[in-house]
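Student: Here it is: the structure, laid out below.
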Amino acid sequence: MRVAVLAGGRSSEHDVSLDSGASVREGLTAAGHEVVPIELARDGTWWSAGEEVELRPGRGLLGADAVFPVLHGPFGEDGTVQGLLELLDVPYVGSGVLASALCMDKILFKDVMGRAGLPQVPYWWVDVNTRVEIGAGVTYPCWAKPARLGSSVGISRVDEPGELQAAIEAAAAHDPRVIVEASATGIEVECSVLGPSDAPVASQPGEIMLAAGEDGWYDYEAKYTPGGMELVVPARISDAARERVRELAVTAYRIAGCSGLARADFFVDGDDVLLNELNTMPGFTQTSVYGELWARDGVPYPELCDRLVRIAVERYERERAFRH
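Residue 1 is where the sequence shown starts when you use my numbering, and the numbers rise one by one after that.
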């Protein structure tokens with residue numbers, strides 16, 4: 001198949017996306033696909049082979065049979081590009097508009113998961129634009145985060161009440177919607193999910209070990225600096241916790257309506273498992289957590305890329321069979 005790979009974008013994760021896109025292009029080529037590279041510049045323009053891409057609704061994208069949008073964060077992972085690809089009428093890898101937008105907004109995602117009864121850390125939120133103030137009962141330590149950003153950008157640890165307002169303001173510099181989460185005990189565990197929304201499967205969970213030790217936290221530097229973290233597979237947790245992680249990962253995926261892929265993040269303390277979030281387009285280099293977990297489960301990177309494209313085409317064909 002001819003597959004267009006989108007990388008770059010307007011978010012702070014532009015460079016990370018370029019790295020992910022380069023790996024996906026290599027993986028698809030190794031799997032036998034013809035690849036069309038498209039770079040989304042920081043100003044929002046799309047470029048391929050040195051020329052600006054003309055986008056025409058209903059006309060597809062450069063003759064591609066499918067699109068792999070390897071975009072992280074706002075303007076790529078949040079439903080905006082997914083909506084555009086729907087208008088172009090082309091199959092694309094990953095979740096649709098609603099699931100992408102839902103999982104990108106940490107507040108709405110936690111609200112929906114909470115309604116479904118999935119276990120999470122306590123959380124509170126603020127909207128600077130509408131002057132919605134944080135409620136009472138915040139516990140310390142806690143974390144203030146932009147609600148719709150990834151890669152740990154704009155996050156602050158808050159150890160006492162006097163630090164909270166400054167942390168909220170720092171997060172609000174990136175997003176007027178700010179979530180405050182109680183600090184969780186235990187270790188950070190991640191689990192990759194693959195498949196259509198009605199038949200997803202979960203990988204073996206992996207444990208995040210930080211080079212900074214227990215006093216460190218999984219920030220941007222830890223995620224993207226060589227040696228900043230180590231992925232331990234399988235995670236050093238009990239059999240009961242391991243199965244609970246996999247169960248919750250698949251359940252959350254289905255509730256959110258995800259498709260193709262997602263990485264589910266958890267806090268695990270003994271047999272207690274708390275869901276943190278779903279990333280609908282996680283880092284996608286061959287050494288990123290998502291791909292590495294599947295590699296440890298016997299799915300090589302080129303095969304993983306190929307499966308995702310085929311899931312995208314199958315979903316497109318099913319959805320176009322309905323009348324609107």
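C-beta: ideal position from N, C-alpha, C; glycine also.
As the structure is a computational prediction, the values presented were derived from the model and not from experiment.
Please specify which runs of the beta strand (DSSP E), each continuous and at least 3 residues long, are wholly inside the stretch 227-252, giving them in chain order.
Tutor: Runs of the beta strand (DSSP E) inside the stretch 227-252: 229-232.
Student: DSSP has Asp159 in a bridge; who is on the other side?
Tutor: Within the sequence shown, numbered from 1, the residue matching residue 159 stands at position 159. In the DSSP output, where bridge partners are listed per residue, Asp159 has none listed.
Student: Nearest to Gly162 by CA position, among Ala172, Pro141, Asp89, Pro91, is which residue?
Tutor: As a working mapping, residue 162 is identified with position 162 in the sequence shown. Among Ala172, Pro141, Asp89, Pro91, the Cα nearest to that of Gly162 is on Pro141.
Student: Can you tell me whether Ala7 is helix, strand or coil according to DSSP?
Tutor: What you label residue 7 is simply residue 7 of the sequence shown in a count that begins at 1. Strand at Ala7.
Student: At a cut of 8 angstroms, does the stretch 254-262 reach the stretch 277-297 through at least three beta carbon pairs?
Tutor: Segments in contact, yes.
Student: Measuring CA to CA, which of Thr80, Met113, Val81, Gly60 is closest to Leu88?
Tutor: If you number the sequence shown from 1, residue 88 lands on position 88. Cα-wise, what sits closest to Leu88 is Gly60.
Student: Compare the C-alpha of Ile187 against each of Met113, Ile311, Ser238, Gly94 and name the closest.
Tutor: To locate residue 187, count along the sequence shown from 1; it is residue 187. Looking at the Cα atoms, Ser238 is the closest of the given residues.
Student: Measure how close the beta-carbons of Gly8 and Ser20 come, nearest whole angstrom, since I'm counting them as under 8 angstroms.
Tutor: Here residue 8 refers to the residue found at position 8 when the sequence shown is read from its first residue. Here residue 20 refers to the residue found at position 20 when the sequence shown is read from its first residue. The Cβ separation is near 10 angstroms, so there is no contact.
Student: Between the Cα of Ile208 and the Cα atoms of Arg254, Phe267, Ala256, Ser183, which residue gives the shortest distance?
Tutor: Your numbering for residue 208 matches position 208 in the sequence shown. Here the closest residue by C-alpha is Phe267.
Student: Using 7 angstroms as the threshold, is the C-beta distance between Tyr92 and Ala312 below it?
Tutor: In the sequence shown, residue 92 corresponds to position 92, counting from 1. In the sequence shown, residue 312 corresponds to position 312, counting from 1. Yes, they are a contact pair.
Student: Is it buried or exposed, Ala167, if we count other Cβ atoms within 10 angstroms and call 16 or more buried?
Tutor: Indexing the sequence shown from 1 puts residue 167 at position 167. The residue is buried, with at least 16 neighbouring Cβ atoms inside 10 Å.
Student: Could you pull the start and end residues of the beta strand (DSSP E) that Asp265 belongs to?
Tutor: As a working note, residue 265 is residue 265 in the sequence shown. Unbroken beta strand (DSSP E) run through Asp265: 260-269.
Student: Would you kindly report the start and end of the unbroken alpha helix (DSSP H) that includes Ser23?
Tutor: Looking up residue 23 in the sequence shown gives position 23. 14-30 is the span of the alpha helix (DSSP H), which, as asked, contains Ser23.
Student: In this structure, does DSSP put Arg296 in helix, strand or coil?
Tutor: Residue mapping note: residue 296 aligns to position 296 of the sequence shown, counting from 1. In the structure shown, Arg296 sits in a helix (DSSP, three-state: H, G or I).
Student: Less than 7 angstroms between C-beta atoms, sequence neighbours within five positions excluded: which residues of the same chain meet that for Pro325?
Tutor: This structure cannot speak to residue 325, because the chain is shown only from 1 to 324.
Student: CB-CB under 8 angstroms to Gln82, same chain, minus the five flanking residues each way: which ones, in chain order?
Tutor: Here residue 82 refers to the residue found at position 82 when the sequence shown is read from its first residue. Here the set comprises Pro69, Tyr92, Gly94, Ser95, Gly96, Val97, Ser100.
Student: Pick helix, strand or coil for Met281, following the three-state DSSP scheme.
Tutor: In the sequence shown, counting from the first residue as 1, residue 281 sits at position 281. If DSSP states are grouped into helix, strand and coil, Met281 belongs with coil.
Student: Residues bridged to Leu274 by DSSP?
Tutor: Residue mapping note: residue 274 aligns to position 274 of the sequence shown, counting from 1. DSSP lists Phe267 as partners of Leu274.
Student: Just how far apart, CA to CA, sit Ala212 and Ala144?
Tutor: The sequence position of residue 212 within the sequence shown is 212, counting from 1. The sequence position of residue 144 within the sequence shown is 144, counting from 1. No answer about Ala212 holds up, because its pLDDT of 41 lies below 50 and its placement is not dependable.
Student: Classify Phe322: buried if its beta carbon has 16 or more other beta carbons within 10 angstroms, exposed otherwise.
Tutor: Position 322 of the sequence shown, counted from the start, is the residue given in the question as residue 322. Exposed.
Student: Identify which residue in Leu275, Met229, Arg254, His72 has its Cα closest to the Cα of Ala355.
Tutor: The requested residue 355 does not occur in the structure, where the chain is confined to residues 1 to 324.
Student: For a quick check, are the C-beta atoms of Val128 and Pro176 less than 7 angstroms apart?
Tutor: Within the sequence shown, the letter at position 128 stands for residue 128. Within the sequence shown, the letter at position 176 stands for residue 176. The answer is yes: Cβ separation under 7 angstroms.
Student: In terms of DSSP beta bridges, what is Ser192 paired with?
Tutor: Reading the sequence shown from its first residue, position 192 is the one you call residue 192. Answer is Arg263.
Student: Among Ala202, Asp198, Thr287, whose alpha-carbon lies nearest the alpha-carbon of Met229?
Tutor: Position 229 of the sequence shown, counting from 1, holds the residue named residue 229. The shortest C-alpha separation from Met229 is found at Thr287.
Student: Between the beta-carbon of Arg42 and the beta-carbon of Asp105, is there less than 7 angstroms?
Tutor: Taking the first residue of the sequence shown as 1, we reach residue 42 at position 42. Taking the first residue of the sequence shown as 1, we reach residue 105 at position 105. No, the Cβ-Cβ distance between Arg42 and Asp105 is not below 7 angstroms.
Student: Take Leu108 and list the residues in its own chain whose beta-carbon comes closer than 7 angstroms to its own, dropping the five residues that flank it on each side.
Tutor: Sequence index remark: in the sequence shown, residue 108 carries index 108 (1-based). Leu102.
Student: Any idea which residues DSSP pairs Tyr123 with across the strands?
Tutor: Here residue 123 corresponds to residue number 123 of the sequence shown, with the count starting at 1. According to DSSP, Tyr123 bridges with Glu181.
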